Structure formats: C-alpha cells, structure tokens
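J.: At position 283 of the sequence shown the residue is numbered 283 (UniProt numbering), and the sequence of numbers has no breaks.
All C-beta atoms, glycine included, are put in the ideal place defined by N, C-alpha and C.
No experiment lies behind these values; they were computed from the predicted model shown.
Pasting a structure here, questions to come.
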Amino acid sequence: MGSLKKIKHKLIRKISNKIKSSKKNLVRFSWFANQVSPETIVILDYPIKLSQRYTLKEPHEKILNLIEKNKAEYKSILENFLKYEDRLKEIASNKQDIIRGTDPTWDNIWLPGLDGVSIYGFIALMRPKLFLEIGSGNSTKFAFKAIKDNELTTKVVSIDPHPREEIDIICDSVIRSPLEEVDLKIFDQLEENDILFIDNSHRVFMNSDVTTVFLDIIPRLKKGVIIQIHDIFLPYDYPDSWIERYYSEQYMLASYILANPDFFEILMPSFFISNEIGLKSVFDEFWDSEGFENIPRHGQSFWLRIK
Numbered sequence: 001m002g003s004l005k006k007i008k009h010k011l012i013r014k015i016s017n018k019i020k021s022s023k024k025n026l027v028r029f030s031w032f033a034n035q036v037s038p039e040t041i042v043i044l045d046y047p048i049k050l051s052q053r054y055t056l057k058e059p060h061e062k063i064l065n066l067i068e069k070n071k072a073e074y075k076s077i078l079e080n081f082l083k084y085e086d087r088l089k090e091i092a093s094n095k096q097d098i099i100r101g102t103d104p105t106w107d108n109i110w111l112p113g114l115d116g117v118s119i120y121g122f123i124a125l126m127r128p129k130l131f132l133e134i135g136s137g138n139s140t141k142f143a144f145k146a147i148k149d150n151e152l153t154t155k156v157v158s159i160d161p162h163p164r165e166e167i168d169i170i171c172d173s174v175i176r177s178p179l180e181e182v183d184l185k186i187f188d189q190l191e192e193n194d195i196l197f198i199d200n201s202h203r204v205f206m207n208s209d210v211t212t213v214f215l216d217i218i219p220r221l222k223k224g225v226i227i228q229i230h231d232i233f234l235p236y237d238y239p240d241s242w243i244e245r246y247y248s249e250q251y252m253l254a255s256y257i258l259a260n261p262d263f264f265e266i267l268m269p270s271f272f273i274s275n276e277i278g279l280k281s282v283f284d285e286f287w288d289s290e291g292f293e294n295i296p297r298h299g300q301s302f303w304l305r306i307k
C-alpha cells in the first residue's frame with residue numbers, strides 16, 4: 001500500500017512539474033480542470049508543504065496550556081459517564097449483532113469508542129431539550145439510545161443533505177439541505193444545556209458549512225449551549241495519515257480559543273484525553289470487558305460550552 005502511495009505521489013509531482021514548466025501549460029490545464037470539475041479541482045499559485053506542524057511530542061503550547069487547566073474536570077466527567085456503564089455495554093460490539101438498523105454499534109469506522117461514550121454520557125447527564133445535529137449517522141443512533149434509556153423528552157433535529165436512510169426514523173425533524181442554505185434562526189432554539197453536534201465537511205472555503213458554523217452560527221448561540229465538533233485533534237495537528245484530506249476546520253476553532261480563551265469552557269477534548277494516561281485509564285476496565293477488546297478506545301470529539 002505504501003509503495004502505491006509513493007508511485008501516485010511521484011506521478012502527481014511529474015504531472016505537476018510539467019504543468020508548471022510553462023505559463024501556457026498552466027493556462028491549458030486550468031481551463032481543462034474548470035471544464036471537467038470546477039467544484040473539486042483547485043489550482044494553487046504556490047506549492048504548500050503538507051506536514052504536521054504540531055505533534056504529540058510538540059503540541060501547540062498555548063492551546064495545550066489552556067486545555068490542561070481543566071484536567072480535573074475532564075476526569076470528573078469521565079467518572080460520571082461510568083454511571084451509564086451497564087447501558088453502554090448493551091451496545092453491540094459487532095455490527096452483525098444489531099437488531100435494528102437504528103441501533104448504535106461500537107463496530108463502525110466513523111465514530112471511535114470515546115466519542116460514542118461522550119454522546120451518550122452528555123445527553124444522559126445534561127438532559128437537553130434539543131439535540132441539533134449538523135451531519136447525522138452513527139452519532140444520531142448513540143443519541144437516540146441515550147434519550148430512550150433515560151426516558152428523556154429531548155427532540156432530535158438533523159441537518160444533513162445526504163443522511164443514511166434509517167436516520168429519518170429516529171429524528172423529530174429533518175432538514176435535508178446543505179447547512180449554508182438553511183435558515184439559521186433554527187439555532188436560536190438552542191438553550192442552556194442543549195447540544196449542537198457538528199460533524200460536517202471539515203473544510204473552510206468560501207460559503208462552506210464550516211465557514212457558516214464559525215462565522216454565523218457560533219456567535220449567535222446563547223450562554224450555556226454545549227457544542228461538539230468532530231475530528232478535532234487539538235492541541236495537536238491532524239494525523240499524518242489524513243494529510244491528503246486537506247481538513248482545516250480545527251484551525252478555525254484554535255483561532256477562537258486563542259483569541260478569546262473566555263468565550264468557551266472546554267468540557268472534553270477527547271483526543272487529548274486519549275493520550276493522557278491519567279484520564280484515558282478511567283475507562284480501561286470498561287474497554288477490557290469481554291467483546292470490547294478490539295474497539296478503538298480513543299476519541300476525536302471536542303466538547304465545549306458557551307460561557
């Protein structure tokens with residue numbers, strides 16, 4: 001697999017160098033790309049060096065300091081999640097064992113273990129009146145189980161132009177449009193302890209869903225609203241293996257945190273927790289349970305609350 005990747009990169013570089021060798025070639029290729037796929041091919045003026053700027057050994061220092069301040073709170077939240085251990089163990093560890101398509105399973109490629117735990121746990125603990133999702137799927141199933149198990153009246157609203165078929169059944173309201181086309185007044189319905197769950201394209205572009213979230217939605221949220229943003233690795237960079245995805249969402253979040261540390265209360269930075277022995281060990285016994293040994297234990301959710 002690694003050799004194929006090297007061949008692909010070598011071929012891309014060769015084509016790229018040929019294109020950049022003359023202005024005429026660049027103009028021709030730009031025209032061709034625009035005809036073939038104007039929405040997905042981007043021609044950059046200058047080369048960029050794709051590499052991790054912030055690593056596990058050398059994280060972003062200021063963000064690390066801000067995150068580390070709340071380590072005691074993270075541990076307390078994790079210990080509170082253990083109240084629901086028996087219910088969490090009811091969730092199938094193998095997708096072949098689920099009874100209904102609406103049931104969650106730990107065996108999925110999109111939502112690692114700690115993220116499923118945190119969705120269930122925050123809903124059970126906070127008892128929100130509204131769980132509003134931007135991007136639906138496995139997260140919706142974990143949320144629905146938490147609502148049922150704890151006999152909550154939480155309403156589930158899903159914003160997703162292309163959801164899985166079974167998701168509509170477990171939502172109270174569905175909006176099947178891209179976020180950037182949605183009437184943003186719906187976010188005014190979120191009150192203290194309600195949850196806004198964000199799992200979108202992860203890319204900042206002109207008029208993209210991520211741009212809409214950070215420039216239009218978050219500034220209008222009320223005090224006490226809880227936000228989860230998925231695939232956030234702060235205080236570290238995106239993984240090396242994700243370089244070709246060109247994700248940029250977490251840099252927007254980092255800018256928020258650095259510019260005004262008092263805007264958010266950081267509740268649970270899951271990837272950070274996954275790399276802290278004193279925190280991740282809280283759930284070791286749970287993950288060591290029979291049938292759960294092969295479930296990815298880490299998390300990629302970043303939970304915050306508007307101050």
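Return the CA-CA distance between residue 117 and residue 305, expressed in angstroms with no decimal places.
T.: 18 Å
J.: Do residue 234 and residue 254 count as a contact pair if the criterion is CB distance below 9 Å?
T.: yes
J.: Given 8 Å as the limit, is there contact between the segment 165-177 and the segment 222-232, that is, 3 or more CB pairs closer than that?
T.: In this structure the segment 165-177 does not lie against the segment 222-232, because fewer than three pairs of beta carbons, one per stretch, are closer than 8 Å.
J.: Per DSSP, what kind of secondary structure is residue 276 in: helix, strand or coil?
T.: Residue state, collapsed to three classes: coil.
J.: Anyone know if the C-beta pair for residue 159 and residue 121 falls short of 9 Å?
T.: no
J.: Identify which residue in 197, 241, 225 and 248 has its Cα closest to the Cα of residue 211.
T.: Closest by C-alpha distance to residue 211, out of 197, 241, 225 and 248, is 248.
J.: Using beta-carbon positions only, say whether residue 164 and residue 188 come within less than 9 Å of one another.
T.: no
J.: DSSP on residue 225, reduced to helix/strand/coil?
T.: coil
J.: Under a three-way DSSP split, which group does residue 268 fall into?
T.: In the structure shown, residue 268 sits in a strand (DSSP, three-state: E or B).
J.: Using 8 Å as the Cβ pair cut-off and three pairs as the minimum, do the segment 196-205 and the segment 131-140 touch?
T.: yes
J.: Could you tell me whether the segment 264-281 touches the segment 67-75, using the rule of 3 or more Cβ pairs below 8 Å?
T.: yes
J.: In terms of alpha-carbon separation, which member of 250, 292, 95 and 293 lies closest to residue 53?
T.: 250
J.: Who are the Cβ neighbours of residue 144 in its own chain at under 6 Å, not counting the five residues just before and after it?
T.: Here the set comprises 170.
J.: Report the three-state DSSP secondary structure of residue 205 (helix, strand or coil).
T.: coil
J.: Determine the burial state of residue 47: buried for a count of at least 16 other Cβ atoms within 10 Å of its Cβ, exposed for fewer.
T.: Exposed.
J.: Alpha carbon to alpha carbon, how far is residue 80 from residue 150? Give it in angstroms, no decimals.
T.: 15 Å
J.: Roughly how many whole angstroms lie between the Cα atoms of residue 129 and residue 208?
T.: A straight-line Cα-Cα distance of about 28 Å links residue 129 and residue 208.
J.: Label residue 126 either buried or exposed according to how many other C-beta atoms from any shown protein chain fall within 10 Å of its C-beta, with 16 as the threshold for buried.
T.: buried
J.: Quick one: what does DSSP say residue 158 is sitting in, helix, strand or coil?
T.: Here DSSP, grouped into helix, strand and coil, assigns residue 158 to strand.
J.: Mind checking which residues open and close the alpha helix (DSSP H) that includes residue 304?
T.: Under the DSSP assignment, residue 304 falls outside any alpha helix (DSSP H), being part of the beta strand (DSSP E) whose first and last residues are 301-306.
J.: Restricting to runs no shorter than 4 residues, where is the alpha helix (DSSP H) found entirely within the segment 92-161?
T.: 113-126 and 138-149
J.: When we look at the beta-carbon of residue 206 and count the other beta-carbons within 10 Å, is it buried (16 or more) or exposed?
T.: Exposed, by the Cβ-count rule.
J.: If you check the beta carbons only, do residue 301 and residue 89 fall under 9 Å apart?
T.: no
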